[in-house]
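Structure first, commentary second.
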Amino acid sequence: MTDLTGTVALVTGASAGIGRHLAEGLAARGAAVAGLARGGDRLRTAMAEVAAATGARTLALAADVTDRVAVDAAVAEVTRELGPIGLLVNNAGLIDAAEVPLWEADPDQWWQVVESQVRGPFLLARAVLPGMVAVGSGRVVDLASGISTRANPHYSAYSAGKTAQMRITESIDLAGAPHGVRAFDLAPGVVDTAMTRAMPMHEGRTDWTRPEDVVDLVVAIAAGELDQWSGRFFRAGVDSLDTLRTTAPSGSARKLRLVPYGDGDPLG
């Protein structure tokens, strides 16, 4: 098992679902894990269970990822209690309330989804990255989605937010590379969680991505095994970890780019 002793990880949305799996998976490999979520009671219970199961140091931070003051305070507390953050996992985020076309969506709920997927990761990265730059090392994992890379008629807010998040990831990679900071877009596939169960598009689904596959990829990132994929997209349950370890993508592989309409396309 990969040893992450000495790594301090901050995982958002850690009280349930994928975030809860990631918190325990990282802790089981020796990382000190800070979990952040809006619901304080459920989060404290989850992080206490992680600590009891793994023996790792944990910290529960009740905060809304879209609240700048709360995010800054949470990151400062992690650094004070556990040490400099070496791994940030942006997992928290909302999803469209209903499968409807954009013109039928509730404007306020639509924007809350986009804020959770864009403002949240931005604020977390903005608070965490200076510490990574100062020590010359750090990794950011943004939980992406297949909807990041293709349009969807019914999840316009989630699609817009996740696509924007990919641009944030690439921006971090480009600016952070000279400072030893790397960033990754990891699509977890369709993990069996309360959120995915509530989505009509997954009604009746029996083929789920194993949460262990998501954990293994994040652990490999934390250990520096996939640094050649910084700024790029990969997907749990489809991409083989062994293949990712031995593949060095180049050019615009696994990045969002326009597809030329032909050889004469001036934007090609």
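Sequential numbering of the sequence shown, starting at 1, is according to full-length UniProt numbering. Every residue, glycine too, gets a C-beta built ideally from N, C-alpha and C. None of these values were measured; they are calculated from a predicted model.
Boundaries for glycine 189: no alpha helix (DSSP H) harbours it, and the DSSP string shows neither H nor E there. A straight-line Cα-Cα distance of about 30 Å links alanine 220 and alanine 70. Bounds of the alpha helix (DSSP H) holding leucine 129 are 107 to 135. For aspartate 3, the closest alpha carbon among the candidates Arg29, Ile85 and Asn152 is that of Arg29. Per DSSP, the unbroken beta strand (DSSP E) holding arginine 139 starts and ends at 138 to 143. Unbroken alpha helix (DSSP H) runs of no fewer than 4 residues, entirely contained in the region 32 to 77, are found at 40 to 54, following chain order. The three-state reading of DSSP puts threonine 243 in helix, counting H, G and I together.
Within the DSSP bridge table, the entry for valine 8 names Ala32 as partners. A contact between stretches requires three or more CB pairs, one per stretch, nearer than 8 Å, and the region 52 to 63 fails this requirement with the region 97 to 116.
In this structure, the beta-carbon distance from threonine 209 to glycine 237 falls below 8 Å. Taking 8 Å as the cut-off, the Cβ atoms of alanine 56 and alanine 222 do not count as close. When DSSP states are grouped into helix, strand and coil, leucine 88 belongs to the strand group. Take arginine 68, set aside five residues on each side of it, and the residues of its chain with a beta-carbon closer than 8 Å to its own are Leu123, in chain order. When C-beta atoms of the region 138 to 150 are compared with those of the region 94 to 101, fewer than three pairs fall below 8 Å, so the two segments do not count as touching. In this structure the region 83 to 95 touches the region 111 to 121; the number of beta carbon pairs closer than 8 Å is three or more. Ranked by Cα distance from aspartate 41, the first of Ser15, Ser137 and Pro153 is Ser15. Short of 8 Å from the beta carbon of alanine 187, and not among the five residues preceding or following it, lie these beta carbons of its own chain, in chain order: Leu143, Ala144, Ser145, Gly146, Ser148, Phe233, Phe234, Arg235 and Ala236. The alpha-carbon of isoleucine 18 is positioned some 42 Å away from that of proline 266. For arginine 167, no beta strand (DSSP E) encloses it; the enclosing alpha helix (DSSP H) starts and ends at 156 to 176. In this structure leucine 36 is in contact with leucine 61, their Cβ atoms being roughly 4 Å apart against a cut-off of 8 Å. Counting other Cβ atoms within 10 Å of its Cβ, alanine 63 reaches 16 or more and is therefore classed as buried. Excluding its 5 nearest sequence neighbours in each direction, leucine 244 has C-beta neighbours in its own chain below 7 Å: Leu226, Trp229 and Phe234, listed in chain order. In the three-state DSSP reduction, arginine 80 falls in the helix class (H, G or I). Nearest in C-alpha terms to aspartate 216, of all of Ser156, Ser240 and Glu203, is Ser240.
With respect to the C-alpha of proline 249, the residue from Ala125, Gly231 and Gly262 having the closest C-alpha is Gly231.
Restricting attention to Gly93, Val128, Thr169 and Pro211, the CA atom closest to the CA of alanine 157 is found in Gly93. Rounded to whole angstroms, the Cβ separation of glycine 131 and threonine 79 is 6 Å, and the two are in contact under 8 Å.
Distance between alanine 151 and lysine 255, taken at the CA atoms: about 15 Å. In the assembly as shown, tyrosine 155 is a buried residue. Its beta-carbon has 16 or more other beta-carbons within 10 Å.
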